[in-house]
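Numbering follows the numbering used here, with no gaps: position 234 of the sequence shown is 299. Heads up, the beta-carbon is just placed ideally off N, CA and C, and yes, glycines get one too. Just so it is clear, the structure is predicted and the values come from calculations on it, not from any experiment.
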Amino acid sequence: MRLVVTGGAGFIGSNFVRYMLAEHEDVHIVNLDKLTYAGNLENLRGIEDDPRYNFVHGDICDAVIVGKTLRGADAVVNFAAETHVDRSISGPQDFISTDVLGTHTLLEAVRRLEIPRYLQISTDEVYGSIEEGAFTEESDLDPSSPYSASKAGADLLVLAYHRTFGTPVLITRSSINYGPYQYPEKIVPLFIANAIDDLQLPVYGDGLNVRDWLYVDDNCAGIDLVLRDGVPGHVYNIGGGNEVQNLTITHRILELLGKSGELIRYVTDRPGHDRRYAIDCSKLGGLGWAPQVPFEAGLARTVEWYASHPEWWRTIKSGEWREYYARQYGGTV
Ligand code: NAD
Ligand code: DAU
Numbered sequence: 066m067r068l069v070v071t072g073g074a075g076f077i078g079s080n081f082v083r084y085m086l087a088e089h090e091d092v093h094i095v096n097l098d099k100l101t102y103a104g105n106l107e108n109l110r111g112i113e114d115d116p117r118y119n120f121v122h123g124d125i126c127d128a129v130i131v132g133k134t135l136r137g138a139d140a141v142v143n144f145a146a147e148t149h150v151d152r153s154i155s156g157p158q159d160f161i162s163t164d165v166l167g168t169h170t171l172l173e174a175v176r177r178l179e180i181p182r183y184l185q186i187s188t189d190e191v192y193g194s195i196e197e198g199a200f201t202e203e204s205d206l207d208p209s210s211p212y213s214a215s216k217a218g219a220d221l222l223v224l225a226y227h228r229t230f231g232t233p234v235l236i237t238r239s240s241i242n243y244g245p246y247q248y249p250e251k252i253v254p255l256f257i258a259n260a261i262d263d264l265q266l267p268v269y270g271d272g273l274n275v276r277d278w279l280y281v282d283d284n285c286a287g288i289d290l291v292l293r294d295g296v297p298g299h300v301y302n303i304g305g306g307n308e309v310q311n312l313t314i315t316h317r318i319l320e321l322l323g324k325s326g327e328l329i330r331y332v333t334d335r336p337g338h339d340r341r342y343a344i345d346c347s348k349l350g351g352l353g354w355a356p357q358v359p360f361e362a363g364l365a366r367t368v369e370w371y372a373s374h375p376e377w378w379r380t381i382k383s384g385e386w387r388e389y390y391a392r393q394y395g396g397t398v
């Protein structure tokens with residue numbers, strides 16, 4: 066299979082590239098990535114010399130480079146996106162450009178070049194918050210942030226291309242991922258790195274918001290399965306079945322690192338902060354998927370990875386990250 070992966074230098078994309086090369090002897094992957102602040106070729110260290118892998122530096126909004134890169138592909142998996150909710154609140158423009166218009170650029174190329182399979186990587190955030198129960202793939206979209214609204218817009222375009230043009234699309238909507246190579250602006254890597262350095266952990270609001278944690282390899286396995294066995298035009302939820310409050314995960318990270326709860330600092334809440342996400346994953350279960358990594362083991366493995374790879378996140382923290390951190394937390398932590 067000649068597979069084009071976009072955004073393969075980011076967190077989930079790089080884990081997916083590794084996963085696919087390890088799982089499938091006969092795959093050839095072209096990774097198209099703009100290398101934004103979140104893209105990092107260090108995430109792919111060790112696989113650059115694999116003859117089954119190529120990197121193309123480019124923007125998914127650039128129709129010329131997209132056309133050249135996708136020509137002859139058997140499948141495209143689109144991870145490329147602006148992904149951080151807080152950044153979408155302080156500056157939504159890049160989210161509209163990449164997440165909506167970039168997706169449209171890819172869809173046009175897929176249609177024109179008659180690529181047999183297109184998989185859009187989406188998120189449980191498109192459904193919005195839910196107090197009880199869980200969203201299915203049929204639930205209405207009700208996004209809260211500019212990020213999730215952009216992802217929802219992209220999902221609707223993807224499905225419209227299927228309905229209107231018969232484009233062979235698939236969508237996965239996963240819950241929040243954790244694991245190695247995640248940019249330290251998201252709660253898990255940020256709190257681990259801060260705790261290691263005895264810096265404060267900025268908990269938004271009352272810390273009781275709930276997320277459903279999914280170990281990144283389990284997401285990769287789900288995406289691989291949908292890519293092979295999913296029905297065109299269909300959406301598949303991928304969740305870990307681990308609903309945990311932010312404060313609980315914060316305390317667990319501190320315990321795993323042997324640090325004190327005094328590092329916790331309650332800060333102003335995120336505007337429009339969704340209270341709880343929950344998705345029903347029985348549809349993907351019907352294809353034979355189930356998460357393999359229990360939350361406790363996955364979190365311990367994740368903490369261990371960041372603790373043993375300080376050079377990876379310290380390098381990031383010396384660059385653009387510092388300005389972002391000062392802007393976001395305004396010197397409160
Ligand atoms: P990330 O922010 O770590 O990486 C994004 C990657 O996309 C980077 O390598 C970046 O350079 C690249 N990129 C950004 N704009 C681009 C453009 N215009 N052209 C080409 N490349 C571009 O993201 P992530 O957390 O790995 O998320 C990957 C995908 O999964 C996203 O679509 C996101 O919405 C979705 N998702 C993420 C999570 C999560 O918990 N992280 C959960 C559900 C869904
Ligand atoms: O649910 C899937 C989504 O998960 C993905 O679509 C997004 O790309 C990904 O970033 C993630 O979004 P969240 O907003 O849930 O992730 P984040 O790590 O930013 O925040 C997780 C929770 O932690 C959320 O309730 C806000 C809270 N939080 C976050 C940060 C960065 C804090 O309390 N303090 C913080 O400093």
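Query	Result
Expected contact under 8 Å - CB spacing of residue 164 and residue 219 to nearest Å	5 Å
C-beta contact flag for residue 334 and residue 272 at 7 Å	no
Residues near residue 352 by beta carbon distance below 7 Å, same chain, minus five either side	290, 294
Residue 202 to residue 282 span [Cα, whole Å]	22 Å
Identified DSSP bridge partners for residue 192	Answer is none; residue 192 lacks a bridge partner.
Collapsed DSSP secondary structure at residue 67 in the structure displayed	strand
Residue 190: CB within 6 Å of a non-hydrogen atom of ligand 2	yes
Euclidean distance between Cα positions of residue 311 and residue 181	41 Å
Stretch-stretch touch, CB-based, cutoff 8 Å, three pairs: the segment 326-345 with the segment 188-198	yes
Cβ neighbours of residue 172 in the same chain (closer than 6 Å, five flanking residues each side left out)	226
Where the alpha helix (DSSP H) containing residue 392 begins and where it ends	385-394
Among 368, 365, 160, the one whose alpha carbon lies nearest that of residue 210	160
CA-to-CA distance, residue 328 to residue 78, given in whole angstroms	32 Å
Presumed contact (8 Å Cβ cut-off) between residue 137 and residue 83, rounded CB distance	Wrong, their Cβ atoms sit about 23 Å apart, outside the cutoff.
Strand pairing of residue 301, partner residues [DSSP]	237
C-alpha distance - residue 235 paired with residue 69, whole-angstrom precision	15 Å
Residues bridged to residue 308 [DSSP beta-bridge criterion]	277
Residue 150 Cβ short of 6 Å to ligand 2 heavy atom set	yes
Beta-carbon separation (whole angstroms), residue 72 vs residue 146, contact threshold 8 Å	6 Å
Cβ separation of residue 122 and residue 98, assumed to be a contact under 8 Å, to the nearest whole Å	7 Å
Own chain, CB closer than 7 Å to residue 214, minus 5 neighbours either side, in chain order	208
Sequence-distant residues of its chain with Cβ nearer than 6 Å to residue 250 (five each side left out)	149
Pairwise C-alpha distance: residue 362 and residue 179	43 Å
Where residue 341 sits in the DSSP three-state scheme	strand
Helix, strand or coil at residue 144 according to DSSP, with G and I counted as helix	coil
For residue 139 and residue 394, the rounded distance between their alpha carbons	44 Å
Option nearest residue 221 by Cα separation, candidates 212, 231, 206	206
Residue 339 to residue 88 span [Cα, whole Å]	36 Å
Beta strand (DSSP E) segment containing residue 100, residue limits	No beta strand (DSSP E) holds residue 100; DSSP gives it neither H nor E.
Residues bridged to residue 185 (per DSSP)	143, 236
Three-way DSSP call (helix, strand, coil) for residue 268 in this model	strand
Simplified DSSP assignment, three categories, for residue 284	helix
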